[in-house]
Amino acid sequence: MTLAAISGRDDLTYRLIVPADVMTIPVPRKLAEIALENWQLTHLKMAVATVVSELVTNACNEVPGTVIQTALGLEGGWLRLEVRDCSPVIPKVPTELRLDAIGGRGLWVASHLADKFGIDPHADGGKTIWAMWLQDPPGGRCFPSASQHPVSHPSGGKQVRRPVAPRASEEEAE
Numbered sequence: 001m002t003l004a005a006i007s008g009r010d011d012l013t014y015r016l017i018v019p020a021d022v023m024t025i026p027v028p029r030k031l032a033e034i035a036l037e038n039w040q041l042t043h044l045k046m047a048v049a050t051v052v053s054e055l056v057t058n059a060c061n062e063v064p065g066t067v068i069q070t071a072l073g074l075e076g077g078w079l080r081l082e083v084r085d086c087s088p089v090i091p092k093v094p095t096e097l098r099l100d101a102i103g104g105r106g107l108w109v110a111s112h113l114a115d116k117f118g119i120d121p122h123a124d125g126g127k128t129i130w131a132m133w134l135q136d137p138p139g140g141r142c143f144p145s146a147s148q149h150p151v152s153h154p155s156g157g158k159q160v161r162r163p164v165a166p167r168a169s170e171e172e173a174e
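Read in order, the letters of the sequence shown are residues 1 to 174 in full-length UniProt numbering.
Structure, rendered in structure tokens:
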């Protein structure tokens, strides 16, 4: 396993390279939890840990025996999670959750837990699946309205558009 970190809170990125094996799934999740604690973003811990687990599990199932790169970084008020693998297959993100489906829930869950979500194919045949969260305080509102929710990213990757619901703490406050 390889770990690299660049210092400075606003430009900090943690990168972890692990074998694509189900036994390594807890390692990127633990890195995410530690990074969020270091950045004082613990209000995002449950969502980020769940998305890391789902994306790394998918990559392990897609390309066993290769390596997966996980990255967590802060950029412009956002927390960005990336999971990169060598598979050229761009998965379809379900638009609805089917209770009778055998699989396919991970990307749906990830796309709904993140404020932004997308998939960037790479020229070498691999891809990066990413998720982003605003770094708001626990009681803060992420977006004033769904119409003000920008979903474009400079990479031009495939993105899932969805309305953003208020966080549970906001609903309780109203």
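We put the CB at the ideal spot given by N, CA and C, even for glycine.
- Counting only runs that start and end inside the UniProt domain "Histidine kinase/HSP90-like ATPase" (32-133), the alpha helix (DSSP H) elements of at least 4 residues fall at 45-62 and 105-113.
- Residues of the same chain with a CB within less than 7 Å of the CB of Pro121, apart from the 5 flanking positions on each side, are Ile90 and Lys127 in chain order.
- Your pair Ile17 and Val67 checks out as a contact, with CB atoms roughly 5 Å apart and the cut at 8 Å.
- In this chain, the beta strand (DSSP E) harbouring Val18 covers Thr13 to Pro19.
- Ile25 and Trp130 have their C-alpha atoms some 17 Å from each other.
- Two segments are said to touch when three or more pairs of C-beta atoms, one from each, lie closer than 8 Å; by this definition the region 73-84 touches the region 46-55.
- For Asp21, the closest alpha carbon among the candidates Leu31, Ala32, Leu36 and Gln69 is that of Gln69.
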